[in-house]
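Chemist: Sharing a structure, written as structure tokens. Questions coming.
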Amino acid sequence: MTVAADPRGPDLLGRGGTDLLPRNDPRQYDELADDWWDPAGCFAMLHWLAASRATVLPAPSRAGALLVDVACGGGLLAPHVARAGYRHVGVDIGLAGLRLAASHGVRAVQGDALHLPLPDACADVVVAGEVFEHIPDLPAVTAEVCRVMRPGGTVVLDTIAATWFGRVSSITVGERLPGGPPQRLHDPALFVDRAALAREFGRHGVVLTLTGLRPPVVGYARWLLARALGRAVPTLSMAPTRLTAGLFQATGVRAPQSVPPTTGPAPTARQEP
Ligand SMILES: C[S@@+](CC[C@H](N)C(=O)[O-])C[C@H]1O[C@@H](n2cnc3c(N)ncnc32)[C@H](O)[C@@H]1O
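Just so it is clear: in the sequence shown, position 21 is 214 by the working numbering, and no numbers are missing.
Here it is as structure tokens:
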């Protein structure tokens with residue numbers, strides 16, 4: 194692939210400056226594939242997010258319970274899902290990530306989050322980590338996530354709010370911080386309106402609870418120090434915060450009785466302290 198130099202030069206990780214694909218181009222994940230499983234690399238925060246998703250996974254309610262990991266990337270959730278006792282199917286658009294996910298025990302399937310290659314109501318849990326902010330059709334991706342959830346099933350997602358704070362924390366500052374999102378991976382125009390997200394899930398009988406997420410301050414300082422000294426970095430998990438205007442997690446349970454999607458007003462999200 195021919196690439197142009199990034200006029201802003203390399204970022205603080207010494208990356209960038211070469212791969213100037215358009216913002217939100219999923220091919221960037223293929224180019225960065227070597228970083229998926231590096232806890233000190235440019236996907237470090239995804240490791241911390243996977244750890245915080247694991248804290249809200251319900252225990253499996255039946256033998257052979259299935260967790261569908263929409264946009265599983267390199268499969269960072271795999272050890273957490275195995276520990277929780279679910280079968281783990283991961284769907285992603287990118288082959289490089291899927292290969293890694295498969296090597297970590299995920300049953301990896303290539304597909305688009307807008308057309309999941311899975312049957313209706315197959316999943317006890319659907320996880321969609323850091324993908325809603327990459328998809329331009331919120332109603333369609335929400336409908337797909339809800340379609341594959343069993344009645345009574347759980348959804349766990351995290352994404353970035355369409356706010357001034359979301360843009361500053363994830364792009365202006367976040368893209369320049371070690372461990373933060375690599376440059377140009379996000380298009381702020383696709384960040385997620387929290388009310389619209391809650392409304393779309395509500396149409397499918399899922400009431401979302403939102404919790405803000407931030408890196409743990411002391412843990413992050415230790416991570417930076419260890420990384421600078423070339424030592425093994427500590428394992429972090431995101432800290433919960435009341436502020437959902439930046440990075441946030443949303444969880445919900447699909448109504449036990451399968452309800453047809455509604456078009457009227459839907460329940461709004463609960464904000465969790
Ligand atoms: C920020 S990564 C998150 C990966 C993983 N969920 C995690 O948290 O480690 C976003 C992932 O979304 C995938 N992706 C982007 N658009 C997609 C789409 N339309 N359908 C499926 N996967 C998509 C990318 O290939 C990438 O692996």
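Virtual Cβ for every residue (Gly too), placed ideally from N, Cα, C.
#1: Let me confirm a value: glycine 423 is counted as buried when at least 16 other C-beta atoms fall within 10 Å, else exposed. Which label applies?
#2: Quick check: proline 329 and leucine 383, are their CB atoms within less than 8 Å of each other?
#3: In its own chain, which residues sit with a C-beta less than 7 Å from the C-beta of alanine 354, not counting the 5 before and 5 after it?
#4: Given 7 Å as the limit, tell me if histidine 327 has its C-beta closer than that to any heavy atom belonging to ligand 1.
#5: Check each candidate in Gly322, Ala419, Arg420 and name the one with the smallest Cα separation from threonine 352.
#6: Give a single yes or no on whether glutamate 323 has its beta carbon closer than 7 Å to a heavy atom of ligand 1.
#7: With distance defined between alpha-carbon atoms, name the residue in Val282, Leu214, Arg220 nearest to valine 299.
#8: Could you tell me whether any non-hydrogen atom of ligand 1 is closer than 7 Å to the CB of leucine 242?
#9: Quick one: is proline 408 buried, meaning 16 or more other Cβ sit within 10 Å of its Cβ, or exposed?
#10: Going by DSSP, what residue range makes up the beta strand (DSSP E) through leucine 422?
#11: Relative to the alpha-carbon of proline 427, which residue among Arg360, Asp223, Gly257, Ala237 has its alpha-carbon at the smallest distance?
#12: Please work out which residues of its chain come closer than 6 Å, Cβ to Cβ, to threonine 251, disregarding the five sequence neighbours upstream and downstream, and give them in chain order.
#13: In the structure shown, what three-state DSSP assignment does phenylalanine 441 receive?
#14: Skipping 5 residues on each side, what residues in its chain have a beta carbon closer than 6 Å to that of leucine 214?
#15: Using the DSSP secondary-structure output, state which residues sit across from alanine 256 in a beta bridge.
#16: Alanine 226 and alanine 295: beta carbons closer than 8 Å?
Modeler: Working from what's here:
#1: Counting from one through the sequence shown, the residue named residue 423 turns up at place 230. It is exposed - the Cβ of glycine 423 has fewer than 16 other Cβ atoms within 10 Å.
#2: For this step, residue 329 is matched to residue 136 along the sequence shown. For this step, residue 383 is matched to residue 190 along the sequence shown. For proline 329 and leucine 383, yes; Cβs fall inside 8 Å.
#3: Position 161 of the sequence shown, counting from 1, holds the residue named residue 354. Cβ within range, chain order: Phe384, Val385, Arg387, Thr437, Ala438, Gly439, Phe441.
#4: For the purposes of this step, residue 327 is taken as residue 134 along the sequence shown, with counting starting at 1. Taking non-hydrogen atoms of ligand 1 into account, the C-beta of histidine 327 is found less than 7 Å away from one of them.
#5: As a position in the sequence shown, residue 352 is number 159, starting the count at 1. With distances taken between Cα atoms, threonine 352 lies closest to Gly322.
#6: Along the sequence shown, read from residue 1 onward, the residue named residue 323 stands at position 130. Between ligand 1 and glutamate 323, a heavy atom-to-CB distance of less than 7 Å is present.
#7: Position 106 of the sequence shown, counting from 1, holds the residue named residue 299. Of the listed residues, the one whose Cα sits closest to valine 299 is Val282.
#8: Walking along the sequence shown from the start, residue 242 turns up at place 49. Within the cutoff, so yes.
#9: Here residue 408 refers to the residue found at position 215 when the sequence shown is read from its first residue. Result: buried.
#10: Looking up residue 422 in the sequence shown gives position 229. Counting along the chain, leucine 422 falls outside any beta strand (DSSP E), and DSSP gives it neither H nor E.
#11: Translated into positions along the sequence shown, residue 427 becomes position 234. Among Arg360, Asp223, Gly257, Ala237, the Cα nearest to that of proline 427 is on Ala237.
#12: The residue given as residue 251 occupies position 58 in the sequence shown. It should be noted that the sequence gives proline, not threonine, for residue 251. So the qualifying residues of the chain are Thr347.
#13: As a first step, residue 441 is located in the sequence shown; it is residue number 248 there, counting from the start. Correct three-state label for phenylalanine 441: strand.
#14: Here residue 214 corresponds to residue number 21 of the sequence shown, with the count starting at 1. So the list reads Arg220, Gln221, once near-sequence residues are dropped.
#15: By 1-based counting over the sequence shown, the position of residue 256 is 63. In DSSP, alanine 256 forms no bridge with anything.
#16: Here residue 226 is taken as the residue at index 33 of the sequence shown, counted from 1. Here residue 295 is taken as the residue at index 102 of the sequence shown, counted from 1. For alanine 226 and alanine 295, no; Cβs fall outside 8 Å.
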